[in-house]
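J.:
Residue numbers (the numbering used here): 128 to 279.
#1: Go through the region 140-224 residue by residue and report every complete run of the beta strand (DSSP E) that reaches 3 residues or more, in order.
#2: Excluding sequence positions up to five away, which residues of its chain have a Cβ less than 7 Å from the Cβ of residue 149?
#3: Beta-carbon within less than 6 Å of residue 152's beta-carbon, same chain only, minus the 5 sequence neighbours each way: which residues are those?
#4: Is the separation between the beta-carbon of residue 164 and that of residue 145 shorter than 8 Å?
#5: Please classify residue 169 as buried or exposed, where buried requires at least 16 other C-beta atoms within 10 Å of its C-beta.
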């Protein structure tokens with residue numbers, strides 16, 4: 128029960144980002160664990176199994192985090208405008224997919240509702256992007272026509 132509740136709390140949309148994520152066992156992969164929350168985290172891959180992970184391993188990870196933290200802070204500030212544009216529906220869909228990776232996706236009662244909201248948000252964002260491209264292309268062609276007529 129505790130493991131399930133902890134898993135739900137970790138993947139909820141209200142959880143904050145992760146500053147440091149430690150992967151033990153020497154594997155250099157995240158296995159799709161907390162991909163959204165760890166987008167600007169200092170990743171630590173330690174060549175020791177979890178039961179043997181001790182104080183000095185943790186101190187080493189903290190020292191490496193301190194080294195990486197200024198660059199991570201810069202990345203967070205640079206990408207914050209992009210992340211703020213993400214719709215709430217897209218964030219819920221991302222959290223939902225992580226939730227379903229912990230439980231059975233077929234048994235989830237929120238599938239159709241969240242998928243529909245995500246699809247609507249994605250379509251709106253795509254239409255806005257295409258509209259912006261069309262207006263940029265139109266403005267570019269007009270400026271080319273003006274240059275062409277001025278030079279003729």
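Every residue gets a Cβ at the ideal spot worked out from N, C-alpha and C, and that includes glycine.
T.: This is what the structure holds:
#1: Counting whole runs of 3 or more residues, the region 140-224 contains the beta strand (DSSP E) stretches 147-150 and 169-172.
#2: The residue labelled residue 149 in the question sits at position 22 within the chain shown. Closer than 7 Å at Cβ, skipping near neighbours: 171, 173 and 188.
#3: Translated into the one-based positions of the chain shown, residue 152 becomes position 25. Correct list, in chain order: 176.
#4: Position 37 of the chain shown, counting from 1, holds the residue named residue 164. Position 18 of the chain shown, counting from 1, holds the residue named residue 145. Going by C-beta atoms, residue 164 is nearer than 8 Å to residue 145.
#5: Translated into the one-based positions of the chain shown, residue 169 becomes position 42. Around the beta-carbon of residue 169, 16 or more other beta-carbon atoms lie within 10 Å, marking it buried.
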